[in-house]
Amino acid sequence: DNLELLPNTELALTLGSCAQQGLRSTQEDRHVKIPNLEKAAAALKIAVELPTPSAYFAVYDGHQGHACAEYIAKNLHVRVLRQLAVQDPSTAAGAAEVEAANTVLEGITAEAATATPAQNVPKVAS
C-alpha cells in the first residue's frame, strides 16, 4: 500500500561498440546494436507489440570461423521479433534460438552432403 508509482519518463540510450581481433588473422565475432526495436520491427513489416522503449544488443562469438556468428547476427533478431509476434515473450527468445540453430545445422549438413570425399577427410599434420 506504500508503493508510489513514478511518472513514465523517456529512457535515452547512448551506445557504442568496438571489436578487438586478438591473435587470429580475421575477426570472427559479430555484434548487433538495435537501439529502437519497434522501428526495426516496422521496417521488417513484423506486427509486434513491444514495451517502449525496446532495444536489442548482442555479441556472437565466432569459434573457428565467422560463418555461424555472421548468420546469427543477421537473422536471430528477426526470428525473435517473429516469435514475439505469435507467442509469449518469456518463451519467444528461446524458440527463436532453437529455430536459428536448426537452420544453421541444416546448412552444415547440406554442405557436408555435397562435399567430395577428399574434402571430408580431416587434415593430419605430418
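Numbering-wise, the numbering used here comes out as the position in the sequence shown, counting from 1, plus 7.
We treat Cβ as the ideally placed atom computed from N, Cα and C, and that holds for glycine.
Please read all numbers here as calculations on a predicted model, not as lab measurements.
Check: Using a 10 Å radius around the Cβ and a threshold of 16 neighbouring Cβ atoms, would you call residue 90 buried or exposed?; Outcome: buried
Check: Rounded to a whole number of angstroms, what is the C-alpha to C-alpha distance between residue 86 and residue 107?; Outcome: 8 Å
Check: Under three-state DSSP, which class holds residue 40?; Outcome: strand
Check: Would residue 72 and residue 36 qualify as a contact pair, given that the criterion is a beta-carbon distance under 8 Å?; Outcome: no
Check: Output yes or no for whether 8 Å exceeds the beta carbon distance between residue 22 and residue 40.; Outcome: yes
Check: Report back the beta-carbon spacing between residue 55 and residue 92 to the nearest angstrom; my notes put them in contact at under 8 Å.; Outcome: 4 Å
Check: Give me, in chain order, the residues of the same chain whose beta-carbon lies closer than 8 Å to that of residue 123; leave out the 5 immediate sequence neighbours on both sides.; Outcome: Unreliable placement is indicated for residue 123, whose pLDDT of 44 sits below 50; the coordinate value is still reported in the next sentence. Here the set comprises nothing.
Check: Rounded to whole angstroms, what's the CA-CA distance from residue 48 to residue 62? Just pull it up for me.; Outcome: 11 Å
Check: How long is the line joining the alpha carbons of residue 104 and residue 77, rounded to whole angstroms?; Outcome: 14 Å
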